[in-house]
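Protein chains: 2
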Amino acid sequence: MQPPERLLTGPGPSNPHPEVTKALAAPLVGHLDPFFLGVMDETMANLRTVFGTSNHHTIPMSATGSGGLETIMLNLLEPGDEAVVGIIGYFGQRLAAMAKKAGANVRIIEEELGQIIDPARLEAALNEKPAKLVAVVHAETSTGACQPLGDLARIAREHGALFVVDCVTSLAGMPVEVDATGIDAAGSCSQKCIGAPPGLGPVTFGPRAIEAAKNRTHPTPTWYFDLDLLFQYWGDAGGTKDRVFHHTAPVSSIYGFHKALQLILEEGLEARYQRHRDAHAHLVAGLEKMGLSLFTPASHRLPMLNVVNIPEGVDDACVRKGMLERGIEIAPGFGHLKGKAWRVGLMGYNARVERVDVLLAGLEDVLREQRL
Amino acid sequence: MQPPERLLTGPGPSNPHPEVTKALAAPLVGHLDPFFLGVMDETMANLRTVFGTSNHHTIPMSATGSGGLETIMLNLLEPGDEAVVGIIGYFGQRLAAMAKKAGANVRIIEEELGQIIDPARLEAALNEKPAKLVAVVHAETSTGACQPLGDLARIAREHGALFVVDCVTSLAGMPVEVDATGIDAAGSCSQKCIGAPPGLGPVTFGPRAIEAAKNRTHPTPTWYFDLDLLFQYWGDAGGTKDRVFHHTAPVSSIYGFHKALQLILEEGLEARYQRHRDAHAHLVAGLEKMGLSLFTPASHRLPMLNVVNIPEGVDDACVRKGMLERGIEIAPGFGHLKGKAWRVGLMGYNARVERVDVLLAGLEDVLREQRL
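For the record, the sequence lines run as chains D and R. With our numbering applied, the first sequence covers 1 to 372. With our numbering applied, the second sequence covers 1 to 372.
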């Protein structure tokens, strides 16, 4: 297995810290080994800090980020429930699709690509008809837009709805603050700002969400993602009951994830957020110097995912191919933005000025070739 | 991350081959990188060989073995469907629980622990009332029993039912032969006889299963495990359509899995099965020399998972603790066998006479101490 060396500056996976990669290859132990039970408890504790929550029910799901989000939907929604989903790009559509799969009647609040949802629209939607659950994407990876959460959380809760957030791209790269914001359940991934390989779906469930899951009329339509079964293995809130086998945890992946969380806490969340902002500012300045512009309005741009307009006359696929030949991955635009924009990610270990310089130099080089 | 070194001779995870561990730490690339798309195609092809199938729909699910089995149930069953599940231990109960979660009316055929199901019982059950799906466990990890599949497959198909097999413990350690046996869908795991870390759920779906999934009345209650969405990413049967993003594949885990499959094919399936039988025979001889006996009748014992009776007066937990202090993991009995038996796994890389000797020496040592 000799993959090419890549600078992964697409929408994730991002390059993990070398120590994370090393942890993947640490000696395997059993999923009920006393050593591993300790790793699980530390992982939960550190993940709580990164989410900004005291929620006991905070774990990396043994599935990718999408699996974590589906865990939220399948446990909190049941057939006939009302849900409101905010859509500002592809990942909002995906939340809506998952809520429908869970059997909910889904109403959507949609905004144009690049824009964000005005809290007044949520207020109006909930005044018209209450909902059990409101879900939005914090950092929309398809458009580079950052959806502010505070007002939406307040409005959802004032109307008695659970507030659910997809923070797949934002977590550990900018503040999410589950408890302070008033988020009832949130799901992220391992391979973006957390800086581990893809494969795990960190989730957190607050007391209102756990209550809703307990008060279901129908059983969940899932064994693998069932919260009750999951926490028989990960441990109940009091730590009082014996752990019961559910599935065999992905031990090596959790080693890597555990190390990634440790590195985040060693760096400090604030310093890490600042590093993401600095890398972003450096990228934007460099792009502007090259005459390139960003798709997303500056008022609500994400730091870790930059959507860059493709200049007139430049061949999208050729540029991405040229970059890949130089060992640099950037991603195409998504959906309607395909052929019109590139997506450039600066996440986790890659949110560094030196790496931005490599990326900028590569892009300048490839664009120069294109123009010849 | 400095886990203790363990000889993992429980029910899995087993120790991976060092080259598999090395592959986990290979440079990460994107999930749509041309290099990785090649790895995906090779993984599918090699996995087909290990399953003994020409089924296009053969992939490692981005979830553990349980997630793979749930994928089968949630796609092949829908509310109101009839299912018959054979139960010869805990993992049969789990199949029944999953089928119920999918909304099926589940009838069970249960046998005493250690025993296997007589095909005549399936014939009688299906004569009484037809079913859409029949599911059994090939290698029951909780009892060490091997359920012969040929007659069950024939009877299920004669009655128009899909035949589904949990081969979590058997695959790559003994013949499964999906096509020759007449299995319509099967699910396994990465961490037992395949010899990779836990985290992936290899599955295969034959044409009758795919047809059944296509002819559903209700949509599947899952986005993450939905077959149609999954194969938009893994590729359609003709390889004609562009791959569409679904979830971000667990790249590093698939590196390890890909390497594990490669090592299996290099060794040869027959040689590998023989190695598992040899290690088993060596273990049984060694145990008998120590005056220990196996729980499972010799007529249908698994080679890779041995259920060993705990001798009168010996403290179960103390022995397992003593073994762990010597760096050797063996597992407790499951359910009714807890305190009465140990489960000793010889899977993948660990199915070697030299490793069995280490295990036997450790057990002899610990038992001697116990008797003092």
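Note that beta-carbon positions come from the ideal geometry of N, C-alpha and C, so glycine has one too.
Short of 8 Å in beta carbon distance, which residues of its chain neighbour residue i, apart from the five on each side in sequence? Order them along the chain.
| i | result |
| --- | --- |
| Ile264 of chain D | Asn46, Val50, Ala172, Ile194, Gly195 and Arg272 |
| Arg243 of chain D | Leu32, Leu37, Gln232, Tyr233, Trp234 and Gly235 |
Consult DSSP for residue i and reduce its assignment to one of helix, strand or coil.
| i | result |
| --- | --- |
| Val176 of chain D | coil |
| Gly345 of chain R | strand |
| Asn46 of chain R | helix |
| Asn127 of chain R | helix |
| Met61 of chain D | strand |
| Arg277 of chain D | helix |
| Glu111 of chain D | coil |
| Glu369 of chain D | helix |
| Glu329 of chain R | strand |
| Asn75 of chain D | helix |
| Pro297 of chain D | coil |
| Ala99 of chain D | helix |
| Val244 of chain D | coil |
| Cys193 of chain D | coil |
| Val29 of chain D | coil |
| Asn215 of chain R | coil |
| Pro119 of chain R | helix |
| Val314 of chain D | coil |
| Glu19 of chain R | helix |
| Glu5 of chain D | coil |
| Leu37 of chain D | helix |
| Leu69 of chain R | helix |
| Met290 of chain R | coil |
| Phe257 of chain R | helix |
| Phe91 of chain R | helix |
| Ala249 of chain R | coil |
| Phe225 of chain R | coil |
When the Cα atoms are used, what is the spatial distance from residue i to residue j?
| i | j | result |
| --- | --- | --- |
| Gly52 of chain R | Val176 of chain R | 7 Å |
| Asp166 of chain R | Met174 of chain R | 13 Å |
| Asn215 of chain D | Asn75 of chain D | 10 Å |
| Ala237 of chain R | Ala156 of chain D | 44 Å |
| Pro297 of chain R | Gln93 of chain R | 21 Å |
| His138 of chain D | Ile72 of chain D | 15 Å |
| Gly206 of chain D | Pro198 of chain R | 29 Å |
| His258 of chain R | Ala63 of chain D | 18 Å |
| Ser66 of chain D | Pro311 of chain R | 48 Å |
| Asn55 of chain D | Val178 of chain D | 9 Å |
| Gln262 of chain D | Met1 of chain R | 10 Å |
| Phe91 of chain D | Ala97 of chain D | 10 Å |
| Thr217 of chain R | Pro79 of chain R | 9 Å |
| Gly68 of chain R | Pro130 of chain D | 37 Å |
| Tyr390 of chain D | Lys340 of chain R | Because chain D in this structure spans residues 1 to 372, residue 390 of chain D falls outside the shown range and cannot be described. |
| Tyr255 of chain R | Gln191 of chain D | 16 Å |
| Val353 of chain D | Ala213 of chain D | 44 Å |
| Gln274 of chain D | Ala361 of chain D | 23 Å |
| Glu211 of chain R | Thr222 of chain R | 18 Å |
| Glu432 of chain R | Met304 of chain R | As shown, chain R starts at 1 and ends at 372. That puts residue 432 of chain R outside it, with no answer to give. |
Once you ignore the five residues that flank residue i on each side, which residues in its own chain have a CB closer than 6 Å to its CB?
| i | result |
| --- | --- |
| Lys338 of chain D | Pro332 |
| Asn15 of chain R | Leu8, Tyr349 and Asn350 |
| Val134 of chain D | Val84, Ala156, Ala161 and Phe163 |
| Leu229 of chain R | His246 |
| Trp342 of chain R | Val308 and Ile330 |
| Ala186 of chain R | Val165, Cys167, Val178 and Thr204 |
Using a Cβ-Cβ cutoff of less than 7 Å, which residues in the same chain neighbour residue i once the five nearest sequence positions on both sides are dropped?
| i | result |
| --- | --- |
| Glu364 of chain R | Met290 |
| Ala153 of chain R | Phe163, Thr181, Gly182 and Ile183 |
| Phe35 of chain R | Val29 |
| Ile88 of chain D | Glu111, Gln115, Ile116, Ile117, Val137, Glu140, Thr143, Ala145 and Gln147 |
| Arg301 of chain R | Gly144, Cys146 and Leu294 |
| Arg355 of chain R | Leu7 |
| Leu113 of chain R | Gly89, Thr143, His336 and Leu337 |
Where DSSP assigns a beta bridge to residue i, which residues make up the other side?
| i | result |
| --- | --- |
| Asp166 of chain R | R:Val137 and R:Gly187 |
| Leu305 of chain R | R:Gly345 |
| Ala145 of chain R | R:Glu140 and R:Arg301 |
| Phe205 of chain R | R:His57 and R:Ala185 |
| Gly86 of chain R | R:Ile109 |
| Leu171 of chain R | R:Met174 |
How about residue i: is its C-beta nearer than 8 Å to some C-beta of chain A?
| i | result |
| --- | --- |
| Thr143 of chain R | This model lacks chain A altogether; the protein chains it does include are D and R. |
Taking three-plus beta-carbon pairs below 8 Å as touching, is the segment 281 to 289 of chain R in contact with the segment 122 to 131 of chain R?
no
Pair every Cβ in the segment 198 to 217 of chain D with every Cβ in the segment 53 to 71 of chain D, then say whether three or more of these pairs are closer than 8 Å.
yes
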